[in-house]
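Per my numbering, the sequence shown starts with residue 2, numbered consecutively. In what follows, a single structure is set out as structure tokens and then discussed.
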Amino acid sequence: MSALDYEELTDPTSLTMMKQCQGKMPTAEVVMKKSSLATTKLFAENYKKFSDLEVREDDVWVISFPKCGTTWTQEMVWLLGNNLDYEGAKEPIFLRFPFLEMNVLKFEDYLQDLPDSVEVLNNSPSPRFIKTHLPVEFLPKQLWTKKPKVTKELFRYEYVFFTSI
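Set out below in structure tokens:
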């Protein structure tokens, strides 16, 4: 990975936000040059493994902005893909529907020992159910050639932003 793929955030506002959010949520430490995505340095150092992920034709993807009803969508999609198996749905959603980039978000106070999500997915039986909040630029390249089932969240993220002000 080339250091040219991202720039570290060093401006006073970013440094203040990093300090205030420490331990509460993943904080943006760098900006990816490819898309102006503000993210963790851990993501910047590992993003290529997501774009190189082997996609299967029977994969089912939920691609959404954060806080747009993703969990509801995951539950509905998983139930529909598993013949309304409500007993199976009692298993935690993160086991049935792995979050692709979860282990590079850096939750230091909890979730420290997360397994590598790409490794988990590579070893998962088909059909795989996969959740991501990645921008298009960082999605697996094979997503465009293998043609899996993709559910893109239709909820408007602007609504979440403006109603939370």
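Think of the CB as a built atom: it goes at the ideal place given N, C-alpha and C, for glycine as much as any other residue.
With DSSP as the reference, label residue i as helix, strand or coil.
i: Phe98; result: coil
i: Glu39; result: For the sequence presented, residue 39 should be read as Ala rather than Glu. Three-state result, Ala39: strand.
i: Val61; result: strand
i: Glu8; result: strand
i: Thr17; result: helix
i: Val56; result: coil
i: Lys150; result: strand
i: Ile166; result: Any answer about Ile166 is weak, because its pLDDT of 48 lies below 50 and its placement is not dependable; what the coordinates show is given next. Coil at Ile166, not helix or strand.
Starting from the Cα of residue i, find the closest Cα among the options and give me that residue.
i: Trp29; options: Gln21, Pro141 and Lys42; result: Sequence inspection shows Ala at residue 29; the Trp mentioned does not correspond to that position. It is Lys42 whose Cα lies nearest to the Cα of Ala29.
i: Ala39; options: Leu122, Leu140, Tyr7 and Lys150; result: Tyr7
i: Lys49; options: Lys148, Lys142, Lys150 and Lys147; result: Lys142
i: Leu96; options: Leu115, Leu81, Val105 and Asn84; result: Leu115
i: Thr71; options: Asn84, Lys132 and Ser36; result: Lys132
i: Ala45; options: Gln75, Leu54 and Val31; result: Val31
i: Ile64; options: Thr146, Lys148 and Val137; result: Val137
i: Ser37; options: Glu9, Arg57 and Lys20; result: Glu9
i: Leu101; options: Glu58, Asp117, Met77 and Ala90; result: Asp117
i: Lys150; options: Phe51, Leu81, Thr14 and Asp53; result: Leu81
Pop quiz: residue i and residue j are said to be a contact at Cβ under 8 Å. What is the actual Cβ separation, rounded to whole angstroms?
i: Val61; j: Phe130; result: 5 Å
i: Pro27; j: His134; result: Contact doesn't hold; Cβ gap of about 11 Å is too wide.
i: Lys147; j: Arg57; result: 7 Å
Taking the beta carbon of residue i as the centre, do at least 16 other beta carbons fall within 10 Å, making it buried, or is it exposed?
i: Pro93; result: exposed
i: Leu144; result: buried
i: Gln23; result: exposed
i: Pro126; result: exposed
i: Thr74; result: buried
i: Asn84; result: exposed
i: Pro13; result: exposed
i: Leu54; result: buried
i: Leu16; result: exposed
Segments assigned alpha helix (DSSP H), at least 4 residues, entirely inside the segment 117–146 = 118–123
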